[in-house]
Amino acid sequence: MTSVEAQNQSLNQSLSSRAQSLETTLDKFLPRMKGGEANLIEAMRYAVLGGGKRLRGYLVTEVASLFNIPMKSALYVGASVEMLHAYSLIHDDLPAMDDDDLRRGKPSTHIKFGEAIAILAGDALQTKAFEILTWEDVSENPDIRIELVKSLAEASGSNGMVGGQVIDMEGENRHLTLPEVINLHAMKTGRLICYSAEAGAILGQANTDLRNHIISYGRDLGTAFQIADDILDATASAEELGKTAGKDNASGKSTFVSLLGIEDAKKEANRLISKAIRHLEPFGSAADNLRALANYVITRRN
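Everything in the sequence shown is counted per the numbering used here, starting at 123 for the first residue and increasing by one.
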């Protein structure tokens with residue numbers, strides 16, 4: 123077995139194990155109820171459980187492990203990020219936004235539960251994500267908890283994910299330049315991926331130099347992830363993706379593929395992944411799974 127094959131095998135085992143741990147944690151945080159809010163809870167569970175790569179949650183836990191943070195604390199923060207991500211997907215699929223009926227190979231939340239419950243389920247997942255970060259089980263240090271909340275708010279708000287979604291929607295009516303597309307996806311997709319990596323460093327109270335290495339890794343990883351998504355939208359089937367394929371091209375949306383072409387988009391993704399991996403040099407072999415994850419991001423099929 124080559125070193126690359128061994129690294130990939132280690133990553134696959136780590137991803138699978140961590141995804142199960144995150145699933146168990148999420149399930150614990152969203153127990154079923156019998157009261158008037160039962161349908162809301164079911165919609166929240168439907169959106170966040172039973173699927174997805176758990177890439178963001180994995181990033182939190184794997185970076186946290188570089189700083190010897192207890193897995194329970196890291197899983198709590200990872201679950202928080204996964205809830206925030208699930209909320210964004212619920213709202214992204216709504217008719218007023220991307221209008222997609224399929225998510226992770228099953229009907230989108232608004233198709234299953236109706237638009238009103240879907241919107242409220244997204245709202246509730248977002249607020250739960252922030253609530254979790256205030257728990258002492260995350261960290262006994264209140265300064266760390268405050269920083270996690272602040273950083274997530276910045277990553278997901280008007281200067282991050284939500285702002286990126288607005289630029290994306292408004293960009294459907296005009297041709298975007300490459301710098302505009304880069305900025306759009308740095309906000310819409312990249313900021314939450316970058317936060318997921320940075321959150322592990324926040325938990326570990328990393329010094330400024332190491333934290334900046336992690337932030338740079340997350341930033342380049344996030345952009346490469348979006349380029350890979352654009353390539354998959356143009357080349358993969360709906361069955362492979364678990365969502366509607368070819369929507370970007372059909373809607374005339376400006377993407378990395380429409381601006382660069384598939385081959386140059388692949389080259390740019392590979393360039394960014396090489397950069398991301400270089401940012402991990404200070405961590406030695408302890409960051410091997412993060413290196414393998416970077417390569418996985420641009421070779422995945424969904």
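Glycine included, C-beta positions come from ideal geometry on N, C-alpha and C.
For a test of the three-state rule: what should DSSP assign to Pro264, helix, strand or coil? Here residue 264 refers to the residue found at position 142 when the sequence shown is read from its first residue. Reduced to three states, the DSSP call for Pro264 is helix.
If you check the beta carbons only, do Val419 and Leu177 fall under 9 Å apart? Here residue 419 is taken as the residue at index 297 of the sequence shown, counted from 1. Here residue 177 is taken as the residue at index 55 of the sequence shown, counted from 1. Yes, they are a contact pair.
Compute the beta-carbon to beta-carbon distance between Leu325 and Ser195, rounded to the nearest angstrom, for a pair I have assumed lies under 8 Å. Walking along the sequence shown from the start, residue 325 turns up at place 203. Walking along the sequence shown from the start, residue 195 turns up at place 73. Leu325 to Ser195, Cβ: 6 Å. Contact.
Based on the DSSP output, what are the partners of Leu300 in its beta bridges? Working through the sequence shown from its first residue, we reach residue 300 at position 178. For Leu300, which the question treats as bridged, DSSP gives no partner whatsoever.
Nearest by alpha-carbon distance to Tyr317: which of Ala356, Val303, Asn281, Leu270 is it? Taking the sequence shown and counting its residues from 1, the one referred to as residue 317 is at position 195. The shortest C-alpha separation from Tyr317 is found at Leu270.
Compute the distance between the beta-carbons of Leu274 and Tyr339, then report whether it is under 9 Å. Within the sequence shown, the letter at position 152 stands for residue 274. Within the sequence shown, the letter at position 217 stands for residue 339. Their beta carbons are not under 9 Å apart, which means Leu274 does not touch Tyr339 by this criterion.
Any idea what DSSP makes of Lys228, helix, strand or coil? Mapped onto the sequence shown, residue 228 falls at position 106. Of the three classes helix, strand and coil, the one that applies to Lys228 here is strand, per DSSP.
Tell me where the alpha helix (DSSP H) around Leu255 begins and ends. On the sequence shown, position 133 is the one that residue 255 refers to. Segment 237-255, the alpha helix (DSSP H) holding Leu255.
Any contact of the region 199-214 with the region 253-263, i.e. 3+ C-beta pairs under 8 Å? yes
Between the alpha carbons of Asn329 and Ile384, how many angstroms are there, rounded? Numbered from its first residue, the sequence shown carries residue 329 at position 207. Numbered from its first residue, the sequence shown carries residue 384 at position 262. Distance between the alpha carbons of Asn329 and Ile384: 39 Å.
Taking three-plus beta-carbon pairs below 8 Å as touching, is the region 240-248 in contact with the region 281-291? no
Beta carbon of Ser373, beta carbon of Glu258: below 9 Å? The count along the sequence shown starts at 1 and reaches residue 373 at position 251. The count along the sequence shown starts at 1 and reaches residue 258 at position 136. Taking 9 Å as the Cβ cut-off, Ser373 and Glu258 do not qualify as a contacting pair.
Straight-line Cα distance separating Glu390 from Leu197: Here residue 197 corresponds to residue number 75 of the sequence shown, with the count starting at 1. Here residue 390 corresponds to residue number 268 of the sequence shown, with the count starting at 1. Their Cα atoms are separated by approximately 32 Å.
Ala421, buried or exposed, once every other Cβ within 10 Å from all chains shown has been counted against 16: Within the sequence shown, the letter at position 299 stands for residue 421. First, the residue type needs correcting, since residue 421 is Thr and not Ala in the sequence shown. Thr421 should be labelled exposed.
For Asp223 and Pro217, the rounded distance between their alpha carbons: In the sequence shown, the residue the question calls residue 217 occupies position 95. In the sequence shown, the residue the question calls residue 223 occupies position 101. So the two alpha carbons sit approximately 9 Å from each other.
According to DSSP, is Gln348 part of a helix, a strand, or is it coil? Here residue 348 corresponds to residue number 226 of the sequence shown, with the count starting at 1. Three-state DSSP puts Gln348 in a helix.
Cβ separation of Glu184 and Gly322, assumed to be a contact under 8 Å, to the nearest whole Å: Within the sequence shown, numbered from 1, the residue matching residue 184 stands at position 62. Within the sequence shown, numbered from 1, the residue matching residue 322 stands at position 200. Rounded, the Cβ-Cβ distance is 7 Å, consistent with contact.
Measuring straight from C-alpha to C-alpha, what distance separates Lys250 and Ser136? For this step, residue 250 is matched to residue 128 along the sequence shown. For this step, residue 136 is matched to residue 14 along the sequence shown. Roughly 26 Å separates the two Cα atoms.
For His401, three-class secondary structure by DSSP: Taking the first residue of the sequence shown as 1, we reach residue 401 at position 279. Of the three classes helix, strand and coil, the one that applies to His401 here is coil, per DSSP.
Nearest-angstrom Cα distance between Leu314 and Glu262? Locating residue 314 in the sequence shown gives position 192, counting from the first residue. Locating residue 262 in the sequence shown gives position 140, counting from the first residue. When rounded, the distance between both Cα atoms is 24 Å.
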